[in-house]
Amino acid sequence: MCDHCTQTHNEIPPYDAHAIEAKWQKAWEDENLFAVDEDPSKPKKYVLEMFPYPSGDLHMGHARNYTIGDAMARQARMRGFDVLHPIGFDAFGLPAENAAIKHNTQAGEWTYKNMDQALATMKRMGFSYDMDRLVKTCDPDYYKWGQWIFEKLWERGLVYRKKSPVNWCPGCNTVLANEQVTEGHCWRCGSVPEKRELEQWYFKITDYAQELLDDLEKLPGWPERVKQMQANWIGRSEGAEVDFTLCDADGQPIQGDEGKITVFTTRADTLFGCTFFLLAPEYKGLMELVEGTEYEADVRAVVAGAEKVSAVERAQGTLEKHGAFTGRYVVNPVSGQKVPVWVADYIVSDYGTGAVMAVPCGDQRDFEFARKYDLPIVPIILMDDEREALEDAGESIDTYHAETVDWDSAHAAEGTLVQSGKYTGMRGGKHSEGEAAIVADLEAAGTGRRSVQFRLRDWLISRQRYWGNPIPAVHCEHCGIVPVPEDQLPVTLPANLDLGAGETLAECKEFYETTCPVCGRPARRETDTMDTFTCSSWYYLRYCDPHNEKLPFSKEAADRWMPVDNYIGGIEHAILHLLYSRFFTKALRDLGMLDVDEPFTNLLCQGMVKDANGETMSKSKGNVVPPSSVIDPFGADTMRLAILFIAPPEKDFDWDEEAVAGANRFIKRAWRIVWQLANAGDASARLIPGSLDAAAKKLYRERHRTLAKCTEDFDRQQFNTAISAIMELVNAASAYLNATDAAPEARDAALCWLVASDIVSSLAPICPFWADELWHEALGHTESVYTAPWPEFDIAEAATDTVEIAVQVLGKLRSRVEISATATQDEMRAAAEEAAAKWIDGKTVVKAICVPGKLVNLVVK
1 MCDHCTQTHN EIPPYDAHAI EAKWQKAWED ENLFAVDEDP SKPKKYVLEM FPYPSGDLHM
61 GHARNYTIGD AMARQARMRG FDVLHPIGFD AFGLPAENAA IKHNTQAGEW TYKNMDQALA
121 TMKRMGFSYD MDRLVKTCDP DYYKWGQWIF EKLWERGLVY RKKSPVNWCP GCNTVLANEQ
181 VTEGHCWRCG SVPEKRELEQ WYFKITDYAQ ELLDDLEKLP GWPERVKQMQ ANWIGRSEGA
241 EVDFTLCDAD GQPIQGDEGK ITVFTTRADT LFGCTFFLLA PEYKGLMELV EGTEYEADVR
301 AVVAGAEKVS AVERAQGTLE KHGAFTGRYV VNPVSGQKVP VWVADYIVSD YGTGAVMAVP
361 CGDQRDFEFA RKYDLPIVPI ILMDDEREAL EDAGESIDTY HAETVDWDSA HAAEGTLVQS
421 GKYTGMRGGK HSEGEAAIVA DLEAAGTGRR SVQFRLRDWL ISRQRYWGNP IPAVHCEHCG
481 IVPVPEDQLP VTLPANLDLG AGETLAECKE FYETTCPVCG RPARRETDTM DTFTCSSWYY
541 LRYCDPHNEK LPFSKEAADR WMPVDNYIGG IEHAILHLLY SRFFTKALRD LGMLDVDEPF
601 TNLLCQGMVK DANGETMSKS KGNVVPPSSV IDPFGADTMR LAILFIAPPE KDFDWDEEAV
661 AGANRFIKRA WRIVWQLANA GDASARLIPG SLDAAAKKLY RERHRTLAKC TEDFDRQQFN
721 TAISAIMELV NAASAYLNAT DAAPEARDAA LCWLVASDIV SSLAPICPFW ADELWHEALG
781 HTESVYTAPW PEFDIAEAAT DTVEIAVQVL GKLRSRVEIS ATATQDEMRA AAEEAAAKWI
841 DGKTVVKAIC VPGKLVNLVV K
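As structure tokens, this is what we get:
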């Protein structure tokens, strides 16, 4: 044995989690162990968890997210990668501002206090972050570059300001982007947004709509569910724009562009079924159509009612529909018929043009509206069974006529066109013969054209609150709106706003009074701040080069580290954060700042941690389990092990105190067995597989098998089954120690040392404090286990010399027997007959059915 083993022979110190964790927290920090090597000779691995919002201390949901990423990062280091594993804080936003108001303090003071607490908790959890790359989005040296990027996008035409109807949240007192209204409610506070007409700043994300959709195919490492959610939100539709002409009650057209209303439709083949025409309550020019007429009051009532319901709920069409006739008509461009124009609250201006050709025979919402207001429903498509019934009755499609229907609901709009002029008899449907013919005629007549529309709308980034990144623009009466010069960035927030009294940036003269950078005259600084999602849309790039004072990041650093190899975060960010980050990456690529098309190669959406009753943990419910509730009694390694072992990372799980206690029992057992193996082992001994006895050979094979399984499961990010493999190795080691307990001097010293090292190394990414303590104290190493390589294995060495087979007599299991793995069928039969001797005594074996490696079934009579 080595000197170390002689000194510690038979000595197993108690497992003291708190003393061990305090020791290694300090040691790792003193050694700056987790700083990035920046070694170009090594392959890179960028592991990143979505950074937290510092609204308070971390909870168990955070702990799960960061433990998953930390296990990935630690194992990648051991496998020879140059690992970037940073952390930061998404520190701007309403929660901090509202908390500051509630607690009569400043948002910055509240935020920095929470960040300090979160960092202390992260340290207790043993996360291997490179703290030299720490990013806080509310630090001026970070948000300066957010303003710089804003101005570069502005120069490129990707930033603009316009007046339009926006989602106003009365609870948060600010506007919301469309993506931030979920199921009709504010994503942050749950209030029902109102529509207001405001002048706001936008990012032109729609310029990238097609690429954002196409490049989802470049993301095989993303969950299909997330990609589908993004595809649905981008919402590409192929169809046609069709021009309808306004006319008076006598059918006389109103000339000029002001008399034209354009709609987008994917079903131009249904134009002959358009029996009325609909405008959204927000449609520009709606009130000009009815002003001073007898219809104005009714239209205004519909508009007012629509303002009280979110656009999302209205578009779903599940609410009762309300509408009013405008007194106006349009001319159907294919039939020449006069169609009445209505305003309807289930039409929204966020998709298409805000005007819709209503085809009630094929659209359920239009059908319900027509029934309510007694509008005609003319059938223009016969389904295949209806056509067959018509032909069986001897009637002709060409002469089919019906002015209305007696249906209870709209019919599927696929089939044969009827009552459609010269198109009657053609096939109707998306991309159908009828659709193609009608669009071709519209194009020839100059009343229509092929078009592609997207559901995606430009990203509204203006926020009317204090705690956010100031928009770097100046309003000058003489020069218009101009950017703040680059050498004057950052535009910093005032430190002492009286938030409790409701003071805003718009009321703070110290902030908004300035001079125009172009003409030098008095001017007003922009008082809107940017949506906090702008800060989180590029933070992963700042991590690549966090101390750069000339640029947000260098191209060399981005080329070295991007894209992120493993990104871990919740499914709730599928559209907002992930879509915005993809847009930023593409826009910055087009500015020449990096080469990649996509920011995140592999995405893991971890499941939620729920309480014992299956309720999602939240501070508002008061059911949050803090990490300290596990760390204080058991230690951080127990918490980490339990989190990763309870369920696969992508699955939700209910918090289970018994699982925590079980994890602690395993850590203590593994601690004891590693010490026993180390005390029996010898680091200098040479392992000779051919000289191992039967017991040692069994452990040797199990070592190779379980390490292969553990490594494969780490690669698949299935940590629960990787832990199970380590547990199997611990069990095998325990069985070997027990089998040799009577003659411990016969234990193979080289094998004991190797297996002790393997158990520690393979569990090190999961239980880091425990592992480094054993690596030093039980195994005598001077360096950290994280500078040592991942255990090597050979799956071929796991092959056994013997196998256990079942022995059946007439199909009934009678015995089991161990035979050579290469036994012939005759050898299998002989072994089976010997094992089943008492069941076949006095009988004749007429047949033996042999399944190699599995069983022998003896047929007797």
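Sequential numbering from 1 applies to the sequence shown in full-length UniProt numbering. Using N, Cα and C, we set each Cβ at its ideal position, and we do this for glycine too.
Is the separation between the beta-carbon of residue i and that of residue j shorter than 9 Å?
i: Cys476; j: Cys508; result: no
i: Asp597; j: Lys218; result: yes
i: Pro546; j: Val135; result: yes
i: Val242; j: Lys195; result: no
i: Tyr329; j: Val348; result: no
i: Leu810; j: Leu858; result: yes
i: residue 871; j: Lys586; result: With the chain covering 1 to 861 only, the question about residue 871 has no answer from this structure.
i: Asp141; j: Glu486; result: no
i: residue 863; j: Met122; result: Given a span of 1 to 861 for the chain in the structure shown, any question on residue 863 remains unanswerable.
i: Pro626; j: Arg124; result: no
i: Arg640; j: Cys767; result: yes
i: Glu797; j: Arg701; result: yes
i: residue 886; j: Phe244; result: Outside the modelled stretch of the chain, which goes from 1 to 861, sits residue 886, for which no answer is possible.
i: Pro86; j: Leu48; result: yes
i: Ala832; j: Val846; result: no
i: Arg686; j: Ala750; result: yes
Provide the residue span of the alpha helix (DSSP H) that contains residue i, from first to last.
i: Ala762; result: For the sequence presented, residue 762 should be read as Ser rather than Ala. Here the alpha helix (DSSP H) through Ser762 covers 749-763.
i: Ala63; result: 60-78
i: Pro52; result: Taken as a continuous stretch (DSSP letters only), Pro52 belongs to no alpha helix (DSSP H), as it is neither H nor E.
i: Lys555; result: 555-561
i: Trp148; result: 140-155
i: His704; result: 694-715
i: Arg225; result: 224-234
i: Val302; result: 296-306
i: residue 894; result: Residue 894 cannot be examined here, being either before or after the span of the chain that is shown, 1 to 861.
i: Thr800; result: Per DSSP, Thr800 belongs to no alpha helix (DSSP H) and is neither H nor E.
i: Glu658; result: 657-680
i: Lys861; result: Segment: none, Lys861 is in no alpha helix (DSSP H) and carries neither H nor E.
Take residue i as the anchor and find which of the options has the nearest alpha-carbon.
i: Cys169; options: Asn178, Arg525, Lys260, Val859; result: Asn178
i: residue 872; options: Ala733, Ser581, Asp841, Glu395; result: This structure gives no information on residue 872, because the portion of the chain shown stretches from 1 to 861.
i: Trp201; options: Asp528, Ala19, Thr399; result: Asp528
i: Ala17; options: Thr504, Pro791, Phe769; result: Phe769
i: Ala694; options: Thr800, Glu556, Val846, Lys45; result: Thr800
i: Pro649; options: Glu31, Thr67, Glu745, Leu58; result: Thr67
i: Arg74; options: Asp57, Asp130, Val299, Pro52; result: Asp130
i: Phe369; options: Ala22, Ala306, Glu320, Ile149; result: Glu320
i: Ile12; options: Arg188, Leu677, Glu288; result: Leu677
i: Leu58; options: Ala848, Val630, Lys843; result: Val630
i: residue 883; options: Arg457, Cys535, Ile377, Gly323; result: Residue 883 lies beyond the residue range present for the chain, which begins at 1 and ends at 861; the question has no answer from this structure.
i: Ala553; options: Arg589, Asp565, Phe533; result: Strictly speaking, residue 553 in this sequence is Phe, with Ala absent from that position. That would be Arg589, whose Cα lies nearest to the Cα of Phe553.
i: Cys172; options: Thr492, Ser757, Asp531; result: Asp531
i: Ala830; options: Tyr786, Ala107, Val807; result: Val807
Could you give the first and the last residue of the continuous beta strand (DSSP E) run that contains residue i?
i: Ile481; result: 480-483
i: Val851; result: 845-851
i: Ala612; result: Note, Ala612: premise wrong, no beta strand (DSSP E); not H, not E.
i: Phe34; result: Here Phe34 belongs to no beta strand (DSSP E), and DSSP marks it neither H nor E.
i: Thr105; result: It is not in any beta strand (DSSP E) - Thr105 carries neither H nor E in the DSSP assignment.
i: Val359; result: No beta strand (DSSP E) contains Val359, which DSSP labels as neither H nor E.
i: Phe203; result: 194-203
i: Phe92; result: Element bounds for Phe92: n/a, residue is neither H nor E.
If I'm right that residue i touches residue j with Cβ under 8 Å, what's the distance once you round it to whole angstroms?
i: residue 862; j: Asp90; result: The structure shown does not extend to residue 862, since the chain is modelled only from 1 through 861, so no value can be given for it.
i: Ala412; j: Tyr423; result: Their Cβ separation, rounded to whole angstroms, is 19 Å, which puts Ala412 and Tyr423 out of contact at 8 Å.
i: Gly61; j: Met608; result: 7 Å
i: Leu497; j: Tyr466; result: 6 Å
i: Ala735; j: Lys709; result: About 17 Å; that fails the 8 Å criterion.
i: Ile149; j: Trp538; result: 7 Å
Do we get a CB-CB distance below 9 Å when we pair residue i with the residues of chain D?
i: Asp70; result: Chain labels in this structure do not include chain D; a single protein chain is all it has.
**Prompt:** Does the segment 570-581 touch the segment 222-238, meaning 3 or more C-beta pairs lie closer than 8 Å?
**Reply:** Result yes; three or more Cβ-Cβ pairs closer than 8 Å.
**Asked** Do three or more CB pairs link the segment 412-429 to the segment 379-394 at distances below 8 Å?
**Response** Under the Cβ criterion (8 Å, minimum of three pairs), the segment 412-429 counts as touching the segment 379-394.
**Asked** Is there contact here, the segment 180-187 with the segment 93-109, by at least three beta-carbon pairs under 8 Å?
**Response** These segments do not touch.
**Message:** Any contact between the segment 444-456 and the segment 105-121? By contact I mean 3 or more CB pairs, one from each, below 8 Å.
**Reply:** Output reads no: the segment 105-121 does not touch the segment 444-456.
**Asked** Are at least three pairs of beta-carbons, each pair with one atom in the segment 399-413 and one in the segment 362-380, less than 8 Å apart?
**Response** Result yes; three or more Cβ-Cβ pairs closer than 8 Å.
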